[in-house]
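Novice: Structure provided below as structure tokens; questions to follow.
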Amino acid sequence: MVRAVIVDCLGRVQTGRLSTVDVIGAGPRSVAGVLEKANVLVYIKPVEEFIRLKGKIRTYDMLLISAMSTDALAVKVAIKYWKKYNKGLVILGGPIVFGYKNLKNIEFDIAIYGEGEKTLEELLNLGLKDAELPEYNELVKVRGIVFKNKRDKVIFTGRRPFLRRNELNKYVPSTRSILGYRYYWACRVYVETVRGCSNFHRPLIVAEEKECRKCMLCFKGSFKDRIHCPLNIPPGCGYCSVPALYGPSRSRDPDRIVSEIKSLIDYGVTRIVLSASDILDYGRDILVEPNPLTNPSNPPPNTEQLRKLFDKIFSIDEISKGEVQVILENTKASLVNESSARLLGEYFKGSPIHIGCETGSETHATLIGRPVGPNKVIEAIKLLRKYGLKPYVYFIHGLPGQSKETIDKTLKTMDILSSFVEKITVYRFTPIPGTAFEKYPRGPSAKSNILSKLIVEKAREMNMRFKENLVGRTMEAIIVGSYVRNKKYNVAYTLPHGPVVLIKNANKYYGFRVLIKVERVISDRMVSGSIIRIIGNVRLKVFRRKRKIF
Ligand code: SF4
Numbered sequence: 226m227v228r229a230v231i232v233d234c235l236g237r238v239q240t241g242r243l244s245t246v247d248v249i250g251a252g253p254r255s256v257a258g259v260l261e262k263a264n265v266l267v268y269i270k271p272v273e274e275f276i277r278l279k280g281k282i283r284t285y286d287m288l289l290i291s292a293m294s295t296d297a298l299a300v301k302v303a304i305k306y307w308k309k310y311n312k313g314l315v316i317l318g319g320p321i322v323f324g325y326k327n328l329k330n331i332e333f334d335i336a337i338y339g340e341g342e343k344t345l346e347e348l349l350n351l352g353l354k355d356a357e358l359p360e361y362n363e364l365v366k367v368r369g370i371v372f373k374n375k376r377d378k379v380i381f382t383g384r385r386p387f388l389r390r391n392e393l394n395k396y397v398p399s400t401r402s403i404l405g406y407r408y409y410w411a412c413r414v415y416v417e418t419v420r421g422c423s424n425f426h427r428p429l430i431v432a433e434e435k436e437c438r439k440c441m442l443c444f445k446g447s448f449k450d451r452i453h454c455p456l457n458i459p460p461g462c463g464y465c466s467v468p469a470l471y472g473p474s475r476s477r478d479p480d481r482i483v484s485e486i487k488s489l490i491d492y493g494v495t496r497i498v499l500s501a502s503d504i505l506d507y508g509r510d511i512l513v514e515p516n517p518l519t520n521p522s523n524p525p526p527n528t529e530q531l532r533k534l535f536d537k538i539f540s541i542d543e544i545s546k547g548e549v550q551v552i553l554e555n556t557k558a559s560l561v562n563e564s565s566a567r568l569l570g571e572y573f574k575g576s577p578i579h580i581g582c583e584t585g586s587e588t589h590a591t592l593i594g595r596p597v598g599p600n601k602v603i604e605a606i607k608l609l610r611k612y613g614l615k616p617y618v619y620f621i622h623g624l625p626g627q628s629k630e631t632i633d634k635t636l637k638t639m640d641i642l643s644s645f646v647e648k649i650t651v652y653r654f655t656p657i658p659g660t661a662f663e664k665y666p667r668g669p670s671a672k673s674n675i676l677s678k679l680i681v682e683k684a685r686e687m688n689m690r691f692k693e694n695l696v697g698r699t700m701e702a703i704i705v706g707s708y709v710r711n712k713k714y715n716v717a718y719t720l721p722h723g724p725v726v727l728i729k730n731a732n733k734y735y736g737f738r739v740l741i742k743v744e745r746v747i748s749d750r751m752v753s754g755s756i757i758r759i760i761g762n763v764r765l766k767v768f769r770r771k772r773k774i775f
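One gets my numbering by counting positions in the sequence shown from 1 and adding 225 to each.
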């Protein structure tokens, strides 16, 4: 039987992954599911663990890598390590392939562009399931791949149409492969509920430069009209690749989501994240079919379908008993109203939920392609808070169009939000290949740019204050390994999700769910605390299983 290893480089940048990061994305397991269906024995390894496998690398027949464009360095390290021990094929996938023109310096055999399932299935049938590279004349006929010809020229065979909802639902992500992640029993494991994004607005900053025809198709056109801009500007916010790479939103079948969650729980997973660029897009696509869901505001949320999904999830025994936590990933302000916020609060009280604001200026928000501006974001955050959720809000500094005026407005927005949000995250703008902003320079560092510095420092101050409010409070957490920078401390992941907590000399509690008391703020992201008591008096399920990965 052919053996494949998928190396998860997502979000690694280099090969270091701090034990303070507790996220396991859904992409590698989706790919593993396609390989399992073709009878390939597949394992997933995060890159930081992969590069310690040494001779075991020889036991595999091919390497698959999942990465973002910012992870190119980690990808190169993984391939170099692979080639030291193995001559097998190297297949690249994930958002990194969106910038395929930049892949010249990476030694891969095939890269899969966009949604991987159907393309990978076709490649497996052409020989990949026996770890063999298909012939050149076969490869050129497979849509959605990138490879190099004999002269080292990068060839892209063109986009494959996005999977339709019923096609997407035929694919079953692997659950067994979760065992490849060291702390999977304590990590937030993402389960895909919605693929793609419903925001098909275009950034007018780019459109104006290209002499936008003001046809307004991308803002006011029909669902189908919004797919293509006459100027070929990629859809969505200018800094994000999701709609262009993964297409309009499509929902997964609730029964498939539930059986995936049940199987993950069976393997010992204790924290599930319902992954979606907007959970409130769930089921909206069904309302507009056969049209693509390309409008971020209309129709409003499909509360009936959402309730159906949530009811099924919360009827899983371990979830209803609170042994396994389910939390939300993202929502867009454009879909938050009184009834959708109430519905989320009914099932997810206490759950964090991420919501993008990015800029405090209404005009700037339209210019960068946002679904709605900051006023609507403020309104949405207040509603989510009212119904018991914990909003985490995103901003970006260094965006095209940033000015003193946009920064002043962003600072004011942050002030208004300070009593309603749990955390503020500020990213530095980095152009992603294939997006509308790909040709813009990276935003200046907050150290060198006074405007960027203002919002970065304000967020740090606010996050410190939020953390200080936690001192003296108790919360549940799971104890994992030692803290890399100081081995005397163990890392604890808070439940359902909160700041990372460092606990001194807690090795004997490894794998236990505990009640902790927060004692001190270490940084705007981390606190320290002590254990009050063990909850349940038993190590997590994984320790009762024979955990044999290799
Ligand atoms: S679809 Fe393109 S040309 Fe038309 S308004 Fe939008 S950005 Fe301008």
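The C-beta atom is built at its ideal place from N, Cα and C for all residues, glycine as well.
Of all the alpha helix (DSSP H) runs that stay within the bounds of the stretch 333-362, which reach a length of 4 or more residues?
Specialist: Here the runs fully enclosed are 342-350.
Novice: Kindly give me the distance between the Cβ atoms of Met-639 and Lys-692, rounded to whole angstroms, as I take these residues to be in contact under 8 Å.
Specialist: About 16 Å; that fails the 8 Å criterion.
Novice: Under the rule that 16 or more other beta-carbon atoms within 10 Å means buried, what is Pro-515, buried or exposed?
Specialist: Burial call: exposed.
Novice: Taking 6 Å as the line, does the beta carbon of Cys-443 fall inside it for any heavy atom of ligand 2?
Specialist: In the structure on display, ligand 2 does not appear, and the ligands it does have are ligand 1.
Novice: Where Glu-274 and Lys-312 are concerned, what is the direct C-alpha to C-alpha distance, given to the nearest angstrom?
Specialist: Those two C-alpha atoms are separated by around 20 Å.
Novice: Quick check on Asp-247: does DSSP put it in helix, strand or coil?
Specialist: Three-state result, Asp-247: coil.
Novice: From this set, Glu-554, Leu-568, Ser-423 and Ser-545, which residue's C-alpha is nearest Pro-524's C-alpha?
Specialist: Pro-524 has its Cα closest to that of Ser-423, out of Glu-554, Leu-568, Ser-423 and Ser-545.
Novice: Just verifying my parser: in three-state terms, what is the DSSP assignment at Ile-703?
Specialist: Three-state result, Ile-703: strand.
Novice: Report back the beta-carbon spacing between Ile-458 and Arg-438 to the nearest angstrom; my notes put them in contact at under 8 Å.
Specialist: The Cβ separation is near 11 Å, so there is no contact.
Novice: If you drop the 5 nearest sequence neighbours on each side, which residues of the same chain put their C-beta closer than 6 Å to that of Arg-496?
Specialist: Contacts found: Arg-413 and Gln-550.
Novice: Give a yes or no on contact between the stretch 725-744 and the stretch 650-665, applying the rule of three or more CB pairs nearer than 8 Å.
Specialist: No, the stretch 725-744 does not touch the stretch 650-665.
Novice: Would you kindly report the start and end of the unbroken alpha helix (DSSP H) that includes Lys-637?
Specialist: Segment 629-642, the alpha helix (DSSP H) holding Lys-637.
Novice: Keeping to the same chain, check which residues put their C-beta closer than 7 Å to that of Leu-531; ignore five residues upstream and five downstream.
Specialist: Within the same chain, Leu-531 has close Cβ partners Tyr-507, Gly-508 and Leu-568.
Novice: Helix or strand or just coil, what does DSSP make of Asp-233?
Specialist: In this structure, Asp-233 counts as strand in the three-state DSSP scheme.
Novice: Using 10 angstroms around the beta-carbon of Ile-380, count the other beta-carbons present and answer buried if the total reaches 16, otherwise exposed.
Specialist: So Ile-380 ends up on the exposed side.
Novice: Is the CB-CB distance between Ala-263 and Lys-354 below 7 Å?
Specialist: Taking 7 Å as the Cβ cut-off, Ala-263 and Lys-354 qualify as a contacting pair.
Novice: Apart from the five residues just before and just after Ile-331, which ones in its own chain have a Cβ nearer than 8 Å to its Cβ?
Specialist: Taken in chain order, the residues that qualify are Ala-297, Val-300, Lys-301, Ile-304 and Leu-317.
Novice: If you count every other CB in all the chains shown that lies within 10 Å of the CB of Lys-779, and 16 or more means buried, which is it?
Specialist: The structure shown does not extend to residue 779, since the chain is modelled only from 226 through 775, so no value can be given for it.
Novice: Please state whether the Cβ-Cβ distance between Ile-321 and Ile-269 is less than 7 Å.
Specialist: Result no, Cβ atoms of Ile-321 and Ile-269 do not sit closer than 7 Å.
Novice: Return yes when the C-beta of Leu-456 is under 6 Å from any heavy atom of ligand 1, and no when it is not.
Specialist: True, at least one ligand heavy atom lies under 6 Å from that Cβ.
Novice: Measure the beta-carbon distance from Ile-504 to Thr-400 and round it to whole angstroms, keeping in mind my assumption that it falls under 8 Å.
Specialist: The pair is not a contact, with the Cβ atoms about 21 Å apart (cut-off 8 Å).
Novice: Ligand 1 and Arg-438: does any heavy atom of the ligand fall closer than 6 Å to the residue's C-beta?
Specialist: Because some heavy atom of ligand 1 lies under 6 Å away, the Cβ of Arg-438 counts as near it: yes.
Novice: In three-state DSSP terms, what is Pro-320?
Specialist: Reduced to three states, the DSSP call for Pro-320 is helix.
Novice: Compare the Cα-Cα distances from Lys-279 to each of Ile-290, Lys-308, Leu-289 and Arg-254 and report the closest residue.
Specialist: That would be Lys-308, whose Cα lies nearest to the Cα of Lys-279.
Novice: Give the DSSP-derived three-state secondary structure of Ile-760 in the structure shown.
Specialist: Looking at Ile-760 - three-state DSSP - the assignment turns out to be coil, as it is neither helix nor strand.
Novice: Buried or exposed: which applies to Ser-447, given that a residue is buried once 16 or more other Cβ atoms fall within 10 Å of its Cβ?
Specialist: Burial call: exposed.
Novice: Along the chain, where does the alpha helix (DSSP H) containing Pro-599 start, and where does it finish?
Specialist: Per DSSP, Pro-599 belongs to the alpha helix (DSSP H) from 599-611.
Novice: Look at the alpha carbon of Leu-345 and the alpha carbon of Pro-517, and state the distance between them as a whole number of angstroms.
Specialist: Roughly 24 Å between the two C-alpha positions.
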